[in-house]
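Written below as structure tokens is the structure these notes are about.
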Amino acid sequence: MSQNPFALLFQDNNSSSVKPDVKTQAKEKQDINDILEEIFLFTLESNHEGDTTKAPRVYLADFHSQLNQTWLDLECLAQAVCERIMLNDPKQFLTGKGHNEAAEGARIRYLVQCFIRFRGCKQRIINGELKEKCQNAIVKNSVLVLQQPELFPDNVDLNTLYNLFLEYREKDIGSFSEFINLIAADIAPSDEGKSISEIFSPMLNICHRDLKRIDAIGHPDIMKHLELLELFVSDSNLATVFLDHLFSMIRKIGSNVPGSAYAENAFGALLSIGCIPTALLPGQHYHFFDKPSRMSRQEQESIEGNIHRFMDTLQDRMYTIVYKILKVNLSCKRQFLKWIGECIFANKGRQQTWTQLQGPLNMLQPQYVNHAFFLNLGAIMLRLCQPFANPSSPKLDSINVDYCLFSTKDLNRREDVNCVGLKDETCLQPKSDDFKYPEGKEPMNFITECFFLTHQILRVGFYAVNENLIALNQDMHRMQGTFNDIRAQGGENTERGKKIYEFMESKMTTYLCVKAAMCHPSSLESNLQLQIATSYFLCKLKDNEVVLSTIPEFLAQNVVELIIAIHRFKIDNINSPLNSNHLLSFIFDFMAYPSRLRNPHSRANMAEALESFIPNLDPDQREFNSTIDFDKHPRNNELIESIIAVFVSIEETGMGVEFEQKFTYRRPMYKILKYALAIEKHRQEAVKLSNVALRIVEAQDPPLFLRFINLLVNDAIFLLDEALGFMKEIKSLEEKKDSPEWANMNPDEKRELQQTLNTSGRLARFHNVMASATIDALQALTKCAPRIFTHNIMKDRISAMLNYFLLNLVGSKRKQFKTKDLSAYEFKPSEILIDICRIYLNLSQSEEFCLAVIKDERSFSVNLFQEAEATLKRIGPCTAETEQFSEMTRKILAQNTNIDDDESIVNEAPEEFLDPIMGTLMTDPVLLPTSGNIVDKTTIARHILSDQTDPFNRLPLSMKMLEPQADLKERIENWKANFKKENK
Numbered sequence: 002m003s004q005n006p007f008a009l010l011f012q013d014n015n016s017s018s019v020k021p022d023v024k025t026q027a028k029e030k031q032d033i034n035d036i037l038e039e040i041f042l043f044t045l046e047s048n049h050e051g052d053t054t055k056a057p058r059v060y061l062a063d064f065h066s067q068l069n070q071t072w073l074d075l076e077c078l079a080q081a082v083c084e085r086i087m088l089n090d091p092k093q094f095l096t097g098k099g100h101n102e103a104a105e106g107a108r109i110r111y112l113v114q115c116f117i118r119f120r121g122c123k124q125r126i127i128n129g130e131l132k133e134k135c136q137n138a139i140v141k142n143s144v145l146v147l148q149q150p151e152l153f154p155d156n157v158d159l160n161t162l163y164n165l166f167l168e169y170r171e172k173d174i175g176s177f178s179e180f181i182n183l184i185a186a187d188i189a190p191s192d193e194g195k196s197i198s199e200i201f202s203p204m205l206n207i208c209h210r211d212l213k214r215i216d217a218i219g220h221p222d223i224m225k226h227l228e229l230l231e232l233f234v235s236d237s238n239l240a241t242v243f244l245d246h247l248f249s250m251i252r253k254i255g256s257n258v259p260g261s262a263y264a265e266n267a268f269g270a271l272l273s274i275g276c277i278p279t280a281l282l283p284g285q286h287y288h289f290f291d292k293p294s295r296m297s298r299q300e301q302e303s304i305e306g307n308i309h310r311f312m313d314t315l316q317d318r319m320y321t322i323v324y325k326i327l328k329v330n331l332s333c334k335r336q337f338l339k340w341i342g343e344c345i346f347a348n349k350g351r352q353q354t355w356t357q358l359q360g361p362l363n364m365l366q367p368q369y370v371n372h373a374f375f376l377n378l379g380a381i382m383l384r385l386c387q388p389f390a391n392p393s394s395p396k397l398d399s400i401n402v403d404y405c406l407f408s409t410k411d412l413n414r415r416e417d418v419n420c421v422g423l424k425d426e427t428c429l430q431p432k433s434d435d436f437k438y439p440e441g442k443e444p445m446n447f448i449t450e451c452f453f454l455t456h457q458i459l460r461v462g463f464y465a466v467n468e469n470l471i472a473l474n475q476d477m478h479r480m481q482g483t484f485n486d487i488r489a490q491g492g493e494n495t496e497r498g499k500k501i502y503e504f505m506e507s508k509m510t511t512y513l514c515v516k517a518a519m520c521h522p523s524s525l526e527s528n529l530q531l532q533i534a535t536s537y538f539l540c541k542l543k544d545n546e547v548v549l550s551t552i553p554e555f556l557a558q559n560v561v562e563l564i565i566a567i568h569r570f571k572i573d574n575i576n577s578p579l580n581s582n583h584l585l586s587f588i589f590d591f592m593a594y595p596s597r598l599r600n601p602h603s604r605a606n607m608a609e610a611l612e613s614f615i616p617n618l619d620p621d622q623r624e625f626n627s628t629i630d631f632d633k634h635p636r637n638n639e640l641i642e643s644i645i646a647v648f649v650s651i652e653e654t655g656m657g658v659e660f661e662q663k664f665t666y667r668r669p670m671y672k673i674l675k676y677a678l679a680i681e682k683h684r685q686e687a688v689k690l691s692n693v694a695l696r697i698v699e700a701q702d703p704p705l706f707l708r709f710i711n712l713l714v715n716d717a718i719f720l721l722d723e724a725l726g727f728m729k730e731i732k733s734l735e736e737k738k739d740s741p742e743w744a745n746m747n748p749d750e751k752r753e754l755q756q757t758l759n760t761s762g763r764l765a766r767f768h769n770v771m772a773s774a775t776i777d778a779l780q781a782l783t784k785c786a787p788r789i790f791t792h793n794i795m796k797d798r799i800s801a802m803l804n805y806f807l808l809n810l811v812g813s814k815r816k817q818f819k820t821k822d823l824s825a826y827e828f829k830p831s832e833i834l835i836d837i838c839r840i841y842l843n844l845s846q847s848e849e850f851c852l853a854v855i856k857d858e859r860s861f862s863v864n865l866f867q868e869a870e871a872t873l874k875r876i877g878p879c880t881a882e883t884e885q886f887s888e889m890t891r892k893i894l895a896q897n898t899n900i901d902d903d904e905s906i907v908n909e910a911p912e913e914f915l916d917p918i919m920g921t922l923m924t925d926p927v928l929l930p931t932s933g934n935i936v937d938k939t940t941i942a943r944h945i946l947s948d949q950t951d952p953f954n955r956l957p958l959s960m961k962m963l964e965p966q967a968d969l970k971e972r973i974e975n976w977k978a979n980f981k982k983e984n985k
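Residue numbers (the numbering used here): 2 to 985.
Quick look at the structure:
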């Protein structure tokens, strides 16, 4: 110890040693001087000048003269540091050689270097006063330089702090961060000097400026900006600067802040970095998936993997930033959540559909942030949800549904509610007139806020991107069709052909980039975990109508649309084992129950989600989760009734539903029915529903199963009729292209004709697919539950439909629909014919049905069934079904001889005995009280199935309102008996 020049500095102040003598005190004074010189690299010794044996120091000559001492001590240290930083050119006063830092002219850099040297000596210094004085001297003078730069000969450039950060992030980021935090803590509000925000915000402004130049994820400069933001949010004082920076553009604009303003800061710029091109033009190169048509699937997967690794890195570091700002203190937490809430509200317009937005994929509108912004923010928020995103987590029970009932006005006086506009959202159920809003005194916890904020972010982020991806996919299919037409005409290498090809390439690049961003595995897994927890949460509330009237509908939509997206885009990179039984239970609990989910469109979407769980019928498709045994789910026995209920509800919604949209909703329902009706227990479920319908067929409210099969028949008639019409139009257009007239057309006329052909082809495909599915469902249902179809209410309609289809498929008209390539339009007449013939066979045990077939004046003829029989034998080998159809044909034709008598009865009957709608002899006349007309009960019952109004004046009408006309019925029966007796 005696050999250590700093021996006294290491001694414990509580030592019991004797009081140091004069020699020891001198030694201590010298030791303090030496360590101060080592830290600050200046001296008061004039004889140091020119002595090359000593370490280089800056000689403070004026201060030496003022103090009239040659050593540095703690009393003069602060002033000495101030004198040092006042020097405009320290090199003039440098003694010794070889030490660049001693002559450092940049004041803040010099003080940073002093602090780092101080930290290096810190462990050797036990003297507490020395530590404190050194640190204070550095900090106080640093604050002076930054807060009042005008005091110095050459004003301090505030960008210096940013440059120092870049320099020390590689050297010693820990020391630099501590230095910055100490300065921030020491800066006090001052009328004369700069505020803490004015001092440090330039660092964030430069960061923002540089980040805006980065156009894609994976850029090497991203990391330094992440580290800078992490530095700011790690300290409570700097966190206030960070938050001021977030709100700076918002405050500058004032009212009507566009959503895009929330990206005008360093944090928002980081969120905006992704892999999606801003507006990729044909022929333009991009960082990812450039020239995708030349890439193998393996190459595309490799690029997607790289993107996901970049996203992992970015989102992990940004999560750390968010986590720290939420933890730094309560005030910062509330301010940051307020920024998120306002940001979501300002960007709510992103929820609009693709066609409404009318803009490039990543530039939805100038007033909104881009896709990457909310995909990244959503990923961060999903990670914050992980502690409670589990059905078994007791934290789920702490979610307070009253959170959704506060208006924007309420938000102005509450700091624990930041979801703007939740009160105005459509809820699962409408609120009653006497609904009472809470007084708003109960505090809201962070789990509640995080839950609803995250769902809102997913709504404007992930699901908006999903909608755009669907639209982009449709665009590519249309372009592919156009290009194929051009290529078929030999125009692949024409200027137009090349342009379309380049446009397809750029679209495919954008599509692959968007899909890669949306299908980020860790984000999808976290999203799925949240939706499973949400399913469980909603199922617990299913029977509380008051609570359901407070829950925004988009919570249910988020669950459903994630399932559909994973299924639609065949996303198979989710690796976490998840219990999806909660998702299935949620669908069964809400899909068929308007009392729980009012919106029929949302319930119809649930059918598409349910399809994702159905075991594969098509080997090219994969179910949502192959680990789920759908058949063993405890609610599986409700499948048929649930699907039928939602099928019917689309038609009876009272809301405007376009035809194509209605059939789009029903497409997955047909697939589910096909699966279910192939299983005995589900067939028995259908039989039970049919039997119930038969027992109450004339109830005031038509039974569910009867309404369902009536709609099926309506759909089949409409779809196949439309499909045949388009096939006829396509054949005509093809003939025109093959005629001499085509050669005489100018290019515009040819292009117009080709566009018409493309449009007709698209519509033909759609209607053919849906018609086949509808007829397939009818075939399966008539096989397991034929009696309901042969009831008086249905027999005439089903027989007329079958005869009409048969006439078009085997009659003389069939050649009108024979295009060059039937498969291109999904037209499968042989399969449809077989299904129709099977329906005939399924119902042929009913004499009344067979009679109705013959009475159909529109389509039936003696030759029709003979032609059908011959066609069946021609398209396939003779089977038992073919023989059965031949037998049925003979049976029907044998009954045809009795029809003439019935026709003569109708022709001779008095007008008052005839049904005014169908023109047939009434068997059970009833009065419609709404219009005063008398019709046959079977006729009006069939009408009420589809339309609960009086057909004569559109006033509301139900079966219960019908008034039987017993006297008229007796008169008709007596007249009919007398007529038959007289005409024997």
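Positions of the beta carbon are idealized from the N, C-alpha and C atoms, including for glycine.
For Gln949, the CB contacts under 8 angstroms within the same chain, skipping 5 residues up- and downstream, are Pro957, Leu958, Ser959 in chain order.
Taking 8 angstroms as the cut-off, the Cβ atoms of Leu73 and Leu37 count as close. Scanning Val242, Asp398, Lys819, Met382 for the CA closest to the CA of Cys333 turns up Val242. In the three-state DSSP reduction, Ile615 falls in the coil class, being neither helix nor strand.
Taking 8 angstroms as the upper bound for CB-CB distance, Val688 and Ala786 are in contact here, some 5 angstroms apart.
Put simply, the stretch 715-732 does not touch the stretch 971-978. Fewer than three CB pairs are less than 8 angstroms apart.
Three or more Cβ pairs drawn from the stretch 844-861 and the stretch 787-797 lie within less than 8 angstroms of each other, which places the two stretches in contact.
Secondary structure of Ile876 (DSSP, three-state): helix. Assigned with DSSP and collapsed to three states, Glu443 falls in coil, not helix or strand.
In the DSSP secondary-structure assignment, Thr44 is bridged to Tyr60.
A direct Cα-to-Cα measurement between Asn469 and Gly762 gives close to 24 angstroms. In the structure shown, Pro965 falls within a strand segment according to DSSP collapsed to helix, strand and coil.
For Phe555, the closest C-alpha among the options His568, Val461, Leu542, Tyr502 is that of Val461. Counted as a single uninterrupted DSSP element, the beta strand (DSSP E) harbouring Leu928 occupies residues 926-928. Under a 10 Å Cβ-count criterion, Phe436 is classified as exposed, with fewer than 16 other Cβ atoms of the shown protein chains found around its own Cβ. Between the stretch 337-354 and the stretch 495-508 there are fewer than three inter-stretch CB-CB distances shorter than 8 angstroms, so the stretches are not counted as touching. Of the residues assessed, Tyr438 falls on the exposed side of the cut-off, its CB having fewer than 16 other CB atoms within 10 angstroms.
Contact between the stretch 449-468 and the stretch 630-644 is absent, with fewer than three C-beta pairs closer than 8 angstroms. Apart from sequence neighbours up to five positions away, the residues of its chain that approach Gly275 with a beta-carbon distance below 6 angstroms are Ile218, Ala373, Ala518, ordered along the chain. In the three-state DSSP reduction, Leu956 falls in the coil class, being neither helix nor strand.
The C-alpha of Ile973 is placed about 14 angstroms away from the C-alpha of Gly920. Per the coordinates, the alpha-carbon of Tyr805 lies some 24 angstroms from the alpha-carbon of Pro952. In the displayed model, Val936 falls within a strand according to three-state DSSP.
Thr890 is bridged by DSSP to nothing; it lacks a bridge partner. Cβ-Cβ separation between Phe180 and Phe166: approximately 10 angstroms, too far for a contact (criterion under 8 angstroms). Take the alpha-carbon of Arg875 and the one of Phe866: they are about 14 angstroms apart.
A straight-line Cα-Cα distance of about 30 angstroms links Asp211 and Asn142.
Under DSSP, Leu922 takes part in a beta bridge, and its partners are Leu915.
As for any alpha helix (DSSP H) of minimum length 4 sitting wholly inside the stretch 445-517, the runs are 447-461, 463-489, ordered along the chain. Around the C-beta of His286, fewer than 16 other C-beta atoms lie within 10 Å, and the residue is accordingly described as exposed. Nearest Cα to Glu231 within the set Glu193, Thr321, His309: Thr321. With respect to Tyr666, Ala717 sits apart: the two C-beta atoms are not nearer than 8 angstroms. Within the model, the alpha-carbon separation for Gln755 versus Glu426 is close to 45 angstroms. In the same chain as Asn474, and ignoring 5 residues on each side of it, the C-beta atoms closer than 7 angstroms to its own belong to Tyr512, in chain order. Going by C-alpha positions, Leu542 is about 15 angstroms away from Gln532.
For Tyr594, there is no enclosing alpha helix (DSSP H), as DSSP marks it with neither H nor E.
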